[in-house]
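Enquirer: Here's a structure for you.
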Amino acid sequence: MQATRRQWLVWGAGSVAAAAGITGCANTPAPASAPGGAPGFVRRKVGNARVVALSDGVGRRPLAEGFVRNATLAQVKATLAAQDLPTDYIDVPYTCFVLETEGKRYLLDTGFADNGPPGTGQLVKHMRAAGIDPESIDAVVLSHLHGDHINGLRRKDGSLVFPQALVYVPAPEHAFWLDADRRNAAPEAARAGFMAVQRVFQDYPADQLRLFEPGMAVVGGIESIAAFGHSPGHTALALRSGNERFTYLGDAAHFPALFVRNPDWQVQFDMDPAQARATRHALLARMAQEGGLVGGFHFPLPALGRIRKQGDGYQFVPEK
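Those letters in the sequence shown? Residues 1 to 320, per UniProt numbering, in order.
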């Protein structure tokens, strides 16, 4: 299916370019550590299951006008200052999650492996520190196909990082990013995003790939939640164990200090900003009402906590 000019205007070439895992990545490394715990990972129980937050690294990028599409740089800096956070740069965390349930291990998103900017590619090291052998991962479940979420499936030499794992992909994401007509019609600035997906998936072992429709059960009790807007098939993921529930927001709310606090704000990487905003409001309202454990890909360690209503927005309260 070929994208129309209007669709490219909605998605934005810069937003699609972010799928390569290059645009918006940090320029210099910043340390990743878990306060009060071992560096690089945090483990919590969810009913009879366990969720492990694992850092793939943290990078630092200058804070500039346009990072938030619909707020001025002064407004963004004021919000950060009110939370005692730096105002001239932003630390960009890349956080993946392993769910351990019923004797199986499921990895949610993969980071960069050796394909990313300085300070990234630390997932496997932190998995081993947490006692998780990469070859023990039974399945990888992807929220969407932007580069910082999928590059960790394959090293630069093409070898598989998780050779035993099945890989579950949201069907709308697969259809969008692997469509040759759409790739060929894309503006030059957007093609890197398509090429990143091609690099990972073009000859991935077919017997290890599985497509799923957002809203359906995926594997091992993991539920999928349609959370479109950041990308065409962006999907949140959830696991219930006993009376407890963990929800992985993926990129539905970048950087909680900004986009959980101000759900109307639109990060420059959202491909359909209006849809992403509606998704964010719906998810955060649901998380605040349910009170379950929540994590996000760009949430700093411990990266696990609860969503609380706060004024016109919300607050992410890290789990201690």
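In this text, a Cβ means the ideal position worked out from N, Cα and C, and glycines have one as well.
Keep in mind that this is a model prediction, so the values were computed, not measured.
Where does P258 fall in DSSP's three states?
Expert: The residue you asked about is not Pro; residue 258 is Leu in the sequence shown. In the structure shown, L258 sits in a helix (DSSP, three-state: H, G or I).
Enquirer: Does the region 208-216 touch the region 60-77, meaning 3 or more C-beta pairs lie closer than 8 Å?
Expert: They do not touch, by the three-pair rule.
Enquirer: Who are the Cβ neighbours of I137 in its own chain at under 8 Å, not counting the five residues just before and after it?
Expert: Within the same chain, I137 has close Cβ partners V98, R105, Y106, L107, F162, Q164 and A165.
Enquirer: Please report how far the alpha carbon of P86 lies from the alpha carbon of A180, in whole angstroms.
Expert: Whole-angstrom Cα-Cα distance: 42 Å.
Enquirer: Which residue comes first and which comes last in the beta strand (DSSP E) that contains R105?
Expert: Start and end: K104 to L108.
Enquirer: Excluding five sequence neighbours on each side, which residues of the same chain lie with their C-beta closer than 8 Å to the C-beta of D157?
Expert: Nothing meets the Cβ criterion.
Enquirer: Mind checking which residues open and close the alpha helix (DSSP H) that includes residue 322?
Expert: In the structure as shown, the chain starts at 1 and stops at 320, and residue 322 therefore has no counterpart that could be examined.
Enquirer: Where does E173 land, buried or exposed, given buried means 16+ other C-beta within 10 angstroms?
Expert: Burial call: buried.
Enquirer: So who's on the other strand from S143, going by DSSP bridges?
Expert: Looking at the DSSP assignment, S143 forms no beta bridge with any residue, so it has no partner.
Enquirer: If you measure between the beta carbons of G57 and T120, is that distance less than 7 Å?
Expert: Result yes, Cβ atoms of G57 and T120 sit closer than 7 Å.
Enquirer: Can you round the beta-carbon distance between P39 and H298 to whole angstroms, since I take them to be within the 8 Å contact cut?
Expert: About 19 Å separates the two Cβ atoms, so there is no contact after all.
Enquirer: Taking all protein chains shown into account, do 16 or more other C-beta atoms lie within 10 angstroms of the C-beta of R128, making it buried, or fewer, making it exposed?
Expert: When all chains shown are included, R128 counts as exposed.
Enquirer: A238 and L283: beta carbons closer than 7 Å?
Expert: No; because the gap between Cβ atoms is not below 7 Å, this pair is not in contact.
Enquirer: Would you call the CB atoms of T110 and L178 closer than 7 Å?
Expert: Contact flag unset, no.
Enquirer: Which one of R44, H144, A303 and L301 has the shortest CA to CA distance from A226?
Expert: Cα-wise, what sits closest to A226 is H144.
Enquirer: At what residues does the alpha helix (DSSP H) containing G193 begin and finish?
Expert: From DSSP, the alpha helix (DSSP H) with G193 extends over R191 to F201.
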